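Following: one structure in structure tokens, then a few remarks.
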Ligand SMILES: [Zn+2]
Ligand SMILES: [Zn+2]
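In the working numbering, the protein residues as written are 22 to 355.
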């Protein structure tokens with residue numbers, strides 16, 4: 022598990038299982054560029070190495086100011102958005118089932134927001150994948166909740182990782198680990214809802230799951246579907262560009278056509294938005310592969326602005342066209 026927020030930000034420093042930001046950022050003393058911070062786990066390739074004190078304080082201030090926005094999704098389902106990945110909460114008669122949990126320092130705020138729409142505690146927690154902006158609160162919610170996730174989520178949290186830039190993500194503490202893992206999926210019957218957890222083939226990572234709330238007709242797609250633009254795909258966590266397209270193409274026909282889609286990051290979307298996302302991703306990957314086959318290097322593709330046709334729509338996120346060219350080329354090599 023990873024967390025953002027420095028020890029001095031830590032809202033509950035003595036809480037058992039709490040893992041402060043230091044464990045996430047300190048080894049390399051990295052501080053991400055501020056505009057990129059919303060997707061902290063995605064900034065890894067783009068990290069800015071800057072003087073820590075001022076920016077760490079800035080980062081802490083920003084998180085301290087973060088408010089959790091709650092949006093009803095129908096039935097007893099809610100979308101919670103602060104910093105990090107989208108959180109979905111299913112409220113029941115005697116507890117809550119939660120999908121993802123953003124960052125550890127936000128856990129008290131998330132809990133407070135949950136208390137306004139449902140009855141605490143969080144009894145079940147399902148992680149869509151292992152990245153810290155989706156599992157950062159695991160150690161805190163895991164004190165009361167049973168955590169479910171694909172087996173690769175547990176493996177990667179347990180192992181930690183060293184990023185290509187040398188940054189170390191330490192192994193998660195026991196309280197942050199999923200205690201029930203699965204290979205293909207599972208079904209959780211909670212209150213009056215049937216929650217289908219479906220493992221997707223390697224896409225954003227190799228431990229991705231989509232979560233379908235059958236009665237509410239809502240699907241959380243994790244980071245296999247995002248709306249911020251060129252999507253970050255974590256090749257170092259077993260992800261794959263073509264895999265992400267295939268995962269979506271396999272899943273979408275299984276979903277109700279009128280389902281509400283919760284992306285990993287971004288506003289509530291539709292099935293058509295997901296289809297368009299997958300096709301756009303495919304067009305871009307095809308374009309890069311074609312240029313590669315024509316003998317073009319990454320530098321040439323960037324100089325020629327190969328992804329210009331998609332940049333007006335997809336170039337506004339933190340992950341830019343040039344970085345995406347590198348990612349697709351790196352993926353096609355493996
Ligand atoms: Zn994310
Ligand atoms: Zn992610």
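Note that beta-carbon positions come from the ideal geometry of N, C-alpha and C, so glycine has one too.
Here the structure is a predicted model, which means the values were calculated and not measured.
Candidates 304, 324, 101 and 186: closest to residue 120 by CA position: Along the chain shown, read from residue 1 onward, the residue named residue 120 stands at position 99. Checked all of 304, 324, 101 and 186; the closest Cα to residue 120 is 101.
Inter-residue spacing [alpha-carbon to alpha-carbon] between residue 112 and residue 274: As a working note, residue 112 is residue 91 in the chain shown. As a working note, residue 274 is residue 253 in the chain shown. Here the alpha carbons of residue 274 and residue 112 stand approximately 28 angstroms from one another.
Considering only residues of the same chain and omitting the five flanking positions on each side of residue 271, which have a CB-CB separation below 8 angstroms? Here residue 271 refers to the residue found at position 250 of the chain shown. So the list reads 221 and 222, once near-sequence residues are dropped.
Please write down, chain order preserved, every residue whose beta carbon lies under 5 angstroms from a heavy atom of ligand 2. 152 and 244
Can you give me the Cβ contacts of residue 306 inside the same chain, cut-off strictly under 6 angstroms, excluding the 5 residues immediately before and after it? The residue you call residue 306 lines up with position 285 of the chain shown. Only 262 and 349 meet the Cβ criterion.
Could you check whether the Cβ of residue 285 sits closer than 7 angstroms to any heavy atom belonging to ligand 1? What you label residue 285 is simply residue 264 of the chain shown in a count that begins at 1. Within the cutoff, so yes.
Separation of residue 230 from residue 242, as counted between CA atoms: The residue you call residue 242 lines up with position 221 of the chain shown. The residue you call residue 230 lines up with position 209 of the chain shown. Going from the Cα of residue 242 to the Cα of residue 230 covers about 7 angstroms.
Ignore the nearest five residues each way along the sequence and tell me which others in residue 174's own chain have a CB closer than 7 angstroms to its CB. Position 153 of the chain shown, counting from 1, holds the residue named residue 174. Correct list, in chain order: 148, 150, 151, 199 and 228.
Taking 8 angstroms as the cut-off, decide whether the C-beta atoms of residue 239 and residue 98 are in contact. Here residue 239 corresponds to residue number 218 of the chain shown, with the count starting at 1. Here residue 98 corresponds to residue number 77 of the chain shown, with the count starting at 1. The answer is yes: Cβ separation under 8 angstroms.
When you compare the CB positions of residue 346 and residue 309, do they come within less than 8 angstroms of one another, or not? Here residue 346 refers to the residue found at position 325 of the chain shown. Here residue 309 refers to the residue found at position 288 of the chain shown. Yes; because the gap between Cβ atoms is below 8 angstroms, this pair is in contact.
Round the Cβ separation of residue 202 and residue 165 to the nearest angstrom and send it over; I've been treating them as touching at under 8 angstroms. The residue labelled residue 202 in the question sits at position 181 within the chain shown. The residue labelled residue 165 in the question sits at position 144 within the chain shown. Incorrect: roughly 19 angstroms between the Cβ atoms, too far for contact.
Proximal residues to residue 340 (C-beta, below 6 angstroms), its chain only, five neighbours per side dropped: Position 319 of the chain shown, counted from the first residue, corresponds to residue 340. So the list reads 251 and 253, once near-sequence residues are dropped.
Less than 7 angstroms separating the Cβ of residue 154 from some heavy atom of ligand 1? Within the chain shown, numbered from 1, the residue matching residue 154 stands at position 133. The answer is yes for residue 154.
In whole angstroms, give me the CA-to-CA distance for residue 162 and residue 277. Residue numbering aside, residue 162 sits at position 141 when the chain shown is read from its first letter. Residue numbering aside, residue 277 sits at position 256 when the chain shown is read from its first letter. The alpha-carbon atoms of residue 162 and residue 277 are separated by roughly 31 angstroms.
What residues match up with residue 208 in a beta bridge as DSSP calls it? Numbered from its first residue, the chain shown carries residue 208 at position 187. The partner list for residue 208 (beta bridge, DSSP) reads 217.
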